[in-house]
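Using the working numbering, you'd call the opening residue of the sequence shown number 13 and step up by one each time.
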Amino acid sequence: MATLQAATTSTGALVTDAQAVRQLCENYCFGTLNWEVDQDGELTIWGFDDFEVYEAQEDGLPDYEGGVMTQEFLRTLADYLQPDEELDIQTAGFTKCRFPVLATRYVIREGEVMYADLSAPEPIDE
């Protein structure tokens with residue numbers, strides 16, 4: 013069985029309600045990723061895993077039957093970012109030396125959640 017080796021990191025983003033964002037994050041499972049809302053109200057996410065979010069069950073374990081909830085989490089989080097703040101979450105990883113490698117990016121900017129990966133190649137201008 014192949015094991016994904018990935019790293020995720022984010023920029024920091026100031027939030028409007030630090031306690032509400034902490035509660036939001038506690039309602040979800042981030043695998044082995046870490047998250048923190050510091051005393052200044054800056055949220056960061058980091059760790060050695062893919063950025064994949066599940067709702068937390070009452071016992072704190074991920075609700076895998078409910079499916080991946082990453083986009084729902086980010087849409088809710090977008091409402092808490094301070095104006096002009098941007099949260100950029102990037103993941104890169106691989107499974108052995110197999111193709112393809114994993115690279116994903118989520119950006120919350122001006123209330124909008126955007127996603128990018130390596131699946132859409134563009135022509136190179138001459």
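Glycine included, each C-beta is placed from N, C-alpha and C at the ideal position.
{"Query": "Three or more C-beta pairs below 8 Å linking the segment 30-45 and the segment 116-135", "Result": "no"}
{"Query": "Assigned secondary structure, R87 (DSSP; H/G/I helix, E/B strand, else coil)", "Result": "helix"}
{"Query": "Sheet register partners of R117 (DSSP bridge)", "Result": "Q102, A128"}
{"Query": "Near the ligand FMN: L93 beta-carbon under 6 Å from a heavy atom", "Result": "This structure simply doesn't include the ligand FMN, nor any ligand for that matter."}
{"Query": "Nearest neighbour of G78, chosen from E67, T88, A128 [CA to CA]", "Result": "E67"}
{"Query": "Under 7 Å between C-beta atoms of E54 and L26", "Result": "yes"}
{"Query": "Backbone secondary structure at E77 - three-state DSSP", "Result": "helix"}
{"Query": "Neighbourhood of F85 by C-beta, 7 Å cutoff - its chain only, sequence neighbours within 5 removed", "Result": "Y40, V65"}
{"Query": "Sequence-distant residues of the same chain with beta carbon closer than 8 Å to T139, five excluded per side", "Result": "This structure does not reach residue 139, given that the chain is present from 13 up to 138, and the question cannot be answered."}
{"Query": "Where L45 falls, given that 16 or more other Cβ within 10 Å makes a residue buried", "Result": "buried"}
{"Query": "E97 - DSSP class collapsed to helix/strand/coil", "Result": "coil"}
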